[in-house]
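Per my numbering, the sequence shown runs over residues 215 to 339. Heads up, the beta-carbon is just placed ideally off N, CA and C, and yes, glycines get one too. To start, the structure under review is shown below, and the notes come after it.
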Amino acid sequence: MYVNKKENTMKCLSEDILELYLDGEMLRTAADVVYQHLSICESCRNRRDKLVSFQERITRIFKSESLIHEAERVVASPITDMPTSEQITEWLESDMCPATDGCIVEHDGICSHGYVSWLKYLGLV
Ligand SMILES: [Zn+2]
Ligand SMILES: [Zn+2]
């Protein structure tokens, strides 16, 4: 990367460079140049912020997927009472259904605490 002593004449950062910078895979000297450019250039700062939130979103998706896998491995035992057949019929007619801890989830859903929906627990979906 070409290092210009006059920072304000430096070209704007490419997407690749911003990604390298955010991943921390950049040489220290190059990272300093990026850092300096970001401190004077608002448009690159905005692009960096967009990249950051994109990367965070990806990380979150990966995290929640591994949570679901975790939950599927161990189906927690119910902590609410067995539903009546009336309740079950009601749930089957709606889109949502309580998980076995009382959270509202989709028919084949698992709540964030790792409890499956009653319909799934009972093998109805
Ligand atoms: Zn710039
Ligand atoms: Zn829950």
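Distance cut-off 7 Å: residue i Cβ against heavy atoms of ligand 4
i	result
C325	No copy of ligand 4 appears in this structure; the ligands present are ligand 1 and ligand 2.
Host beta strand (DSSP E) of residue i (start-end)
i	result
E239	No beta strand (DSSP E) holds E239; DSSP gives it neither H nor E.
I318	I318 to E320
C311	M310 to P312
Closest Cα partner of residue i within the set the options
i	options	result
D246	P292, Q269, G323 and L227	L227
D295	A313, L306, R274 and L241	A313
K268	A290, I293 and L236	What sits at residue 268 in the sequence shown is Phe, not Lys. It is L236 whose Cα lies nearest to the Cα of F268.
Bounding residues of the alpha helix (DSSP H) (the contiguous stretch that carries residue i)
i	result
S299	S299 to E307
Y335	W332 to Y335
Any non-hydrogen atom of ligand 1 closer than 7 Å to residue i Cβ
i	result
L306	no
S257	yes
L227	yes
H251	yes
Alpha-carbon to alpha-carbon, residue j and residue i
i	j	result
Y329	C255	48 Å
L232	A244	11 Å
K225	D263	18 Å
G238	S278	24 Å
Any non-hydrogen atom of ligand 2 closer than 7 Å to residue i Cβ
i	result
D315	yes
Y335	no
Beta-carbon proximity check, residue i vs residue j, cutoff 8 Å
i	j	result
E300	M310	no
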